[in-house]
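Trainee: Sharing a structure with you now.
There are 2 protein chains.
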Amino acid sequence: MDERCGEVSPESFVRVVRTRSAVRSYTDAPIDSRVLEELLDAMLSAPTGSNAQAWSFVVVRGTSALRRLRAFSPGLVGKPRAVVVACVDGSRLDMASQDGAPDLCVTMAVNTLLLSAHAYGLGACPVTSFQPGLLRVLLDMPEDIKPVFMVPLGYPAGDRPMSERRPRSEVISYEVFGRRAPATGA
Amino acid sequence: MDERCGEVSPESFVRVVRTRSAVRSYTDAPIDSRVLEELLDAMLSAPTGSNAQAWSFVVVRGTSALRRLRAFSPGLVGKPRAVVVACVDGSRLDMASQDGAPDLCVTMAVNTLLLSAHAYGLGACPVTSFQPGLLRVLLDMPEDIKPVFMVPLGYPAGDRPMSERRPRSEVISYEVFGRRAPATGA
C-alpha cells in the first residue's frame, strides 16, 4: 500500500468503489456543509489534461432553486438536497493543450464526486438529461460555461440495487482485442 | 458512514482520492495479476448511462507489445508494466439511450481505474495522445471499437508532485454562477 494512503487498505478502498450505485431517491436529511465542502475538494483533485482545469461548478442548495432545477430537468428525479452542476469553462480553453478534451476532465471530476459522496453514505447519480440553455439562464451562466452534468446529492431512501453488469469476459481482452484470457505466466 | 463501506472512514477514502497524481515514470517492479484483476473489476463498476456499458478494454502486458504501443503513442512516456486501452464499443450504441455519451462512461471507468490503482500504490495517468487508427491495427480491433484513453500502469519511480490547482473560489459557485460563498445557514 502506498504510504500516502494512510490507514486505508486497497481492498477496502476498492470495496467502497464497487458498492457505489446510482441513487435517485433521497430522504429529507440535510447534507452538512462541511461534508459538502469535503466532497467538492475531492472533486477538484480529479485528473485534468495538461492541468488546464477548464471547469466550473455551481452548487445549488436553496429550496426554490432546487425546485426550479427539477422543473426544467427531466433527468433530475427524486428530491435531492443539493445539486452540483458540472461545466466546461470555455474561457479557459485557449490555455488547454490540443488534446483539449475538457468534457472528459469534467467527467472525471464528476466520477470522483460520485465515489466520494458514496464513501460519505450519500447517494448521487450523474444526470445529462437537461436543457443546457435553460440551465444557463436559471443559474446566470455566461455563454462560455457549458453544463455537462448535473449531480443530485442526498441521503439514499430505500433500496439501492446494483445494476447488472455484462460478463467481464465480454468487455476485457488481453494483449489483442477478443483474446479473453491473460497469457499464462504474465 | 454507509454500512456498505466496511471499515473505511469517509475521511480516509477522500484522503486517498486527494493524494492521487499523474505518474509517468515507473520502476521495473511487476504488477501482480491478481491486483490487476481487482483493478479491472473496480473499473467495471463505474457509472454507465442507461446501464449500456458500451465499452471495451484491452489489457496489454507483453514486453514487445508494450514496446510497440510506446513507439506509436507520443503520450505514452516512461516504461509502464501494463497499459489498459479503454474504448467505446460502437456495436452496443443502438442499445444506449439517446443521451448516448459513451465517451463519458468510458471516462468514468478510467477515472475509477486511476483511483483504485493509486489505492494499491500503483501509478497511472490518462493518455489521449495517440493515433487511434494505428492502435486499432496493433491491437486487432474491429472498426466499431473506438479507443478513448490509454492508461499506463506501474509502480511509481521518483517523486510524484501534486499538480497545482486553481483556487477553489475561482471554480466553485454557490446558487448562481459567480457567487463565491455559500448562503449563510445553508
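Chain order of the listed sequences is A and B.
Sequential numbering from 1245 applies to the first sequence in the numbering used here.
Sequential numbering from 1245 applies to the second sequence in the numbering used here.
Quick reminder that beta carbons are idealized off the backbone N, C-alpha and C, glycines included.
Model, not experiment: these values are computed from the prediction.
Applying the criterion that 16 or more other CB atoms from any shown protein chain within 10 Å of the CB defines a buried residue, is residue 1381/B buried or exposed?
Mentor: Per the 10 Å Cβ criterion, exposed.
Trainee: Find the residues of chain A that neighbour residue 1352/B, judging by a C-beta separation of less than 7 Å, and give them in chain order.
Mentor: In chain order: 1351 and 1355.
Trainee: Thinking C-alpha only, which one of 1298/A, 1427/A and 1256/A is nearest residue 1436/A?
Mentor: The structure shown does not extend to residue 1436/A, since chain A spans only 1245 to 1430, so no value can be given for it.
Trainee: Would you mind listing the alpha helix (DSSP H) stretches within the segment 1390-1428 of chain A that are 4+ residues and don't spill past its ends, in chain order?
Mentor: Whole alpha helix (DSSP H) segments, 4+ residues: 1412-1415.
Trainee: Evaluate the contact criterion for the segment 1262-1273 of chain B versus the segment 1327-1334 of chain B: three or more CB pairs, one atom per stretch, below 8 Å.
Mentor: The segment 1262-1273 of chain B vs the segment 1327-1334 of chain B: no contact.
Trainee: Taking 8 Å as the CB-CB cut-off, is residue 1297/A touching chain B?
Mentor: Yes, because at least one Cβ of chain B sits closer than 8 Å to the Cβ of residue 1297/A.
Trainee: Can a CB atom of chain A be found closer than 8 Å to the CB of residue 1420/B?
Mentor: Chain A contact via Cβ: present.
Trainee: On a CA-only basis, which of 1316/B, 1363/B, 1414/B and 1358/B is nearest residue 1383/B? Give me that one, please.
Mentor: It is 1316/B whose Cα lies nearest to the Cα of residue 1383/B.
Trainee: So the beta strand (DSSP E) residue 1330/A belongs to, where does it begin and stop?
Mentor: Element bounds for residue 1330/A: 1326-1333.
Trainee: Flag residue 1276/A as yes if its beta-carbon sits less than 8 Å from any beta-carbon of chain B, otherwise no.
Mentor: Not closer than 8 Å to any Cβ of chain B, the Cβ of residue 1276/A fails to qualify, so no.
Trainee: Listing by chain order, which chain A residues have their CB less than 9 Å from the CB of residue 1301/B?
Mentor: Per Cβ cutoff of 9 Å: 1415, 1416 and 1417.
Trainee: Looking only at C-alpha atoms, which of 1313/B, 1307/B, 1258/B and 1282/B sits nearest to residue 1289/A?
Mentor: Closest option to residue 1289/A, Cα to Cα, is 1258/B.
Trainee: Of the residues 1391/B, 1408/B and 1368/B, which one's Cα is nearest the Cα of residue 1225/B?
Mentor: A question about residue 1225/B goes unanswered here, because the residues of chain B that appear run from 1245 up to 1430.
Trainee: Quick one: does residue 1260/B have its CB under 8 Å from some CB of chain A?
Mentor: Closer than 8 Å to some Cβ of chain A, the Cβ of residue 1260/B qualifies, so yes.
Trainee: Counting contacts by CB-CB distance shorter than 8 Å, is residue 1343/A in contact with chain B?
Mentor: Low confidence applies here, because residue 1343/A scores a pLDDT of 47, under 50, leaving its location unreliable and the question unanswered by this model.
Trainee: Could you check which residue in 1311/B, 1324/B and 1301/B has the C-alpha nearest to that of residue 1354/B?
Mentor: That would be 1301/B, whose Cα lies nearest to the Cα of residue 1354/B.
Trainee: Based on the DSSP secondary-structure assignment, which residues constitute the bridge partners of residue 1368/A?
Mentor: Answer is 1397/A, bridged to residue 1368/A.
Trainee: Tell me, please, which residues DSSP counts as bridged to residue 1301/B.
Mentor: Per DSSP, 1416/A and 1330/B.
Trainee: Which same chain residues end up closer than 6 Å to residue 1329/A when comparing Cβ atoms and leaving out the 5 residues on each side of it in sequence?
Mentor: Excluding sequence neighbours, residue 1329/A sits near 1302, 1391 and 1394.
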